[in-house]
Structures are given as structure tokens and as C-alpha cells.
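Residue 48 in numbering that gives the first Met the number 0 sits at position 49 of the sequence shown, with consecutive numbering throughout. Backbone N, C-alpha and C fix where the C-beta goes; we use that ideal spot for every residue, glycine too. These numbers were taken from a predicted model, which means no experiment stands behind them.
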Amino acid sequence: MNNNRFLVPFLNLGHFLDHLVMLVFPTVVIALARDWGRPYAELLPLALGGFIAFGAFALPAGWLADHWSRYRMMALSFFGIGAALFLTGFARSPWQIGVGLALTGMFAAIYHPVGIAMLVAAPAKLGS
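Below, the structure written as C-alpha cells:
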């Protein structure tokens, strides 16, 4: 059995979810602004820390994957994103949401350097 048969669809799903978790907050903030009675423009910048972390942690994540384990880093990414979003779901203040989204960005940053390296190494025969 060839494990690559499952790896490529898994990585594609992971890529979709990686971007989904990073971009869902601008939609959620529409309802959050209404529920918290705060303007959209005040809540939207809370995502900035997550986007900065998404870029800043990519290089260290790639280095760590090369020196440790790509598969473990990918697992850390998925479980870390899940835990960060779980904690963000319990946020009661803008500050807590900002911290939760920054953690989400930190774990989401793992996907691109690790997932692309795994994808490139996956095919047994190119073009198949």
C-alpha cells in the first residue's frame, strides 16, 4: 500500500483549513461587533497579531521540520490550531481574542514550509 495516496489529499485539505482558520475572523467579527456593541473597525485589528505570527513563524517552523520531523510538525500544526481556536472560542474580551488569534497564526505558520516540502517529496513517479 502506498501511503502517498492518502498524503496528498490530506495535505490539500490541510492547506484549505490553514487558510480558512486565518480568514474566518473577518467574517465572525461582523456578528461579534453587534453582540459586543463595538464597531467593526475596532475589532478587526485584533487579527493583526495572527497575521504577523503567520508570516514570522514560517521560517523557524521550516527549519525545525528539517531538523526534527515534518510529520510531527504537521501534527503540531493541526493540534495547535485546534487548541488555539478552542481557547479563542472562550474569549470574553478583545485582548483574549487577539492572543487566541496570534496563537492560531503561530500554529498555522507551520503548514506552508512543512506541507510544501512534504508534497514535493510525496510522488513516487512525477506526473502520476
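Asked                                                                                                    : Found
Within 8 Å, strictly: CB atoms of Phe117 and Leu31                                                       : Checking the sequence shown, residue 117 turns out to be Met, not Phe. Cβ distance not < 8 Å, so Met117 and Leu31 don't count as in contact.
Beta carbon of Met73 nearer than 8 Å to that of Gly36                                                    : no
Reference Ala83, options Val20, Asn11, Pro112, Arg71, closest by Cα                                      : Val20
Per-residue DSSP class, three states only, for Ile51                                                     : helix
Phe5: CB within 7 Å of a non-hydrogen atom of the ligand NAP                                             : Looking for the ligand NAP in the displayed structure turns up nothing, as the structure carries no ligands at all.
Whole-angstrom distance between Arg33 and Thr103, CA atom to CA atom                                     : 23 Å
Classification of Ser76 by the beta-carbon crowding that lies within 10 angstroms, buried from 16 upward : buried
Alpha-carbon spacing of Pro59 relative to Phe53, whole angstroms                                         : 11 Å
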